[in-house]
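**Q**
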Amino acid sequence: MIGLFLLCLATSWILANSIQLRLTEKEYIALRREMIEMDLAYRNLASAIAISFPNESKRLLESLSEYKITEHVHHKKAAKTLLRKLKRNNLKKYFENIHKIAKKAAEKAEKIAQNKLSNWQPVENALIKIASQCRQCHEKTKVSWK
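Here this note's numbering = 1-based position in the sequence shown + 170.
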């Protein structure tokens, strides 16, 4: 019984601290596509780091350092509206932090590829920081669409 009470308390705390983000269907699709692109790049980056492949790591980090959906033919308009909503709700900072982290790590991966740096630790740390930013955004956001 106490466990159920604590679960309800924790859930209400999470919901109270989350941001309700109302999106249109097109904005929701744009957000999901962007998240999927980021997820694929992130997973591939983990594999590239695991097999010590600096050129691929650099390419994937560069892809994580910019929005993909803003250039998509069908979702460009919805993506721009979505980014305005994210900025208004102070959620765009998570994407921007990911972009900054990825850009710095891409420079490190470039140095590894050129044999100017042999330590993979900065790139591995970037992977952890990116995951942390994703988690924080997910914890803060409750998305619904009409």
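Note that CB positions come from ideal geometry on N, CA and C, so glycine has one too. What you are looking at is a predicted structure, and each value in this text was computed from that prediction instead of being measured.
Pairs of beta-carbons, one from the region 288-300 and one from the region 238-250, closer than 8 angstroms: are there three or more?
**A** Because the criterion of three Cβ pairs below 8 angstroms is not met, the region 288-300 and the region 238-250 do not touch.
**Q** For Arg202 and Lys310, I'd like the C-alpha separation in whole angstroms.
**A** The straight-line gap from Cα to Cα measures roughly 16 angstroms.
**Q** Relative to the alpha-carbon of Ala211, which residue among Tyr264, Ser233, Lys274 and Ala276 has its alpha-carbon at the smallest distance?
**A** Nearest C-alpha to Ala211: Ser233.
**Q** Just to confirm my understanding: we take Glu280, look at its own chain, exclude 5 residues before and 5 after, and list those with CB closer than 8 angstroms. What are they?
**A** These residues qualify, in order along the chain: Pro224 and Lys228.
**Q** Ala301: buried (16+ other C-beta within 10 angstroms of its C-beta) or exposed?
**A** When all chains shown are included, Ala301 counts as exposed.
**Q** Nearest-angstrom Cα distance between His269 and Tyr237?
**A** Looking at the two C-alpha atoms, the distance is approximately 8 angstroms.
**Q** Identify whether Ile189 lies in helix, strand or coil by the three-state DSSP scheme.
**A** Strand.
**Q** Which same chain residues, not among the five before or five after Cys307, have their C-beta less than 7 angstroms away from its C-beta?
**A** Excluding residues within five positions, the ones whose Cβ falls inside 7 angstroms are Leu261 and Tyr264.
**Q** I'd like the span of the alpha helix (DSSP H) that includes Asn225, first residue to last.
**A** Element bounds for Asn225: Pro224 to Leu234.
**Q** Whose CA, out of Ile282, Lys255 and Glu294, lies closest to the CA of Thr194?
**A** The option with the nearest alpha carbon to Thr194 is Lys255.
**Q** Alpha carbon to alpha carbon, how far is Arg192 from Lys274? Give it in angstroms, no decimals.
**A** Each residue's Cα considered, the two are about 33 angstroms apart.
**Q** Does Lys312 come out as helix, strand or coil in the three-state DSSP assignment?
**A** Lys312: strand per DSSP, three-state reduction.
**Q** Between which residues of its own chain and Ala336 is the CB-CB distance below 8 angstroms, once the five residues before and five after are set aside?
**A** An answer regarding residue 336 cannot be provided, because it is not within the stretch 171 to 316 covered by the chain.
**Q** Considering only C-alpha positions, which residue in the set Leu297, Asp209 and Asn285 is nearest to Ala272?
**A** Comparing Cα-Cα distances from Ala272 to each of Leu297, Asp209 and Asn285, the minimum goes to Leu297.
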